Amino acid sequence: MKQRWWFYGLVTLQLLFLLLMSASYYAMDSWGQTITLKTTPVDPRDPFYGDFVRLDYAIEQIPEEKWMIEEPLNRGEKVFLLLEENDEEIYELVEASTLWPETESNQVVLSSKYQWSDPSLQQYQVDIGLGRYYIEENTGTFWERREEREVDIVLAPWKQKKIASLK
């Protein structure tokens with residue numbers, strides 16, 4: 000009899016986990032602030048995963064004047080990007096720091112991971128974790144041959160989680 004309760008309890012916990020996981024995505028849609036970023040897609044193909052677009056975000060290349068970090072960082076350390084909406088309703092980088100920055104009404108913070116720096120170019124590279132976007136099978140050539148190479152990415156950051164869609 001005790002083994003049955005153990006089994007039912009385990010199944011209930013698994014179902015509860017799945018329900019909470021799916022509810023968290025709806026919560027991000029409901030309470031997350033939607034932001035738009037400019038990116039340039041490159042279309043590679045992976046034989047195991049199919050077609051995907053590799054996205055190159057402008058906010059991931061940080062010039063030295065916007066880098067507010069004094070000490071050297073190790074690869075993978077967390078960096079917070081303060082973004083601000085411009086006149087075209089596209090979010091651009093204001094500054095990058097290791098501490099969560101104070102925001103104004105038209106600003107949002109994205110977390111990223113430090114990758115590398117190039118002292119000769121005075122540039123730092125971070126990764127926001129949305130470098131691959133999987134697309135419908137056999138549509139990769141459409142993205143490869145587009146005349147307009149820039150696309151808008153719509154994100155809904157909420158408590159350091161992200162949802163992306165191509166526009």
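The sequence shown begins at 0 in numbering that gives the first Met the number 0 and counts up by one. In this text, a Cβ means the ideal position worked out from N, Cα and C, and glycines have one as well. This one's a predicted model, so the numbers in the text were calculated from it and none came from an experiment.
For Leu129 and Ala163, the rounded distance between their alpha carbons: The pLDDT assigned to Ala163 is 44, lower than 50, so where the model puts this residue is not dependable, and the model offers no usable value.
Evaluate the contact criterion for the region 94-109 versus the region 15-25: three or more CB pairs, one atom per stretch, below 8 Å. Contact check between the region 94-109 and the region 15-25: fewer than three CB pairs, one atom from each, fall below 8 Å, which does not count as touching.
Ordered along the chain, which non-local residues of its own chain (more than five positions away) have a Cβ less than 6 Å from that of Leu15? none
Delimiting residues of the beta strand (DSSP E) encompassing Leu81: Lys77 to Glu84 is the extent of the beta strand (DSSP E) around Leu81.
Does DSSP classify Tyr48 as helix, strand or coil? Correct three-state label for Tyr48: coil.
Can you give the Cα-Cα distance for Met67 and Thr38, rounded to whole angstroms? 23 Å
Pull up the distance between the alpha-carbon of Glu170 and that of Val125, whole angstroms please. This structure cannot settle anything about residue 170, because the visible part of the chain is limited to 0 through 166.
Contact set for Tyr123: own chain, Cβ-Cβ below 6 Å, skip 5 residues either direction: Only Ile61, Trp66 and Ser116 meet the Cβ criterion.
Asp151 to Asp55 span [Cα, whole Å]: 11 Å
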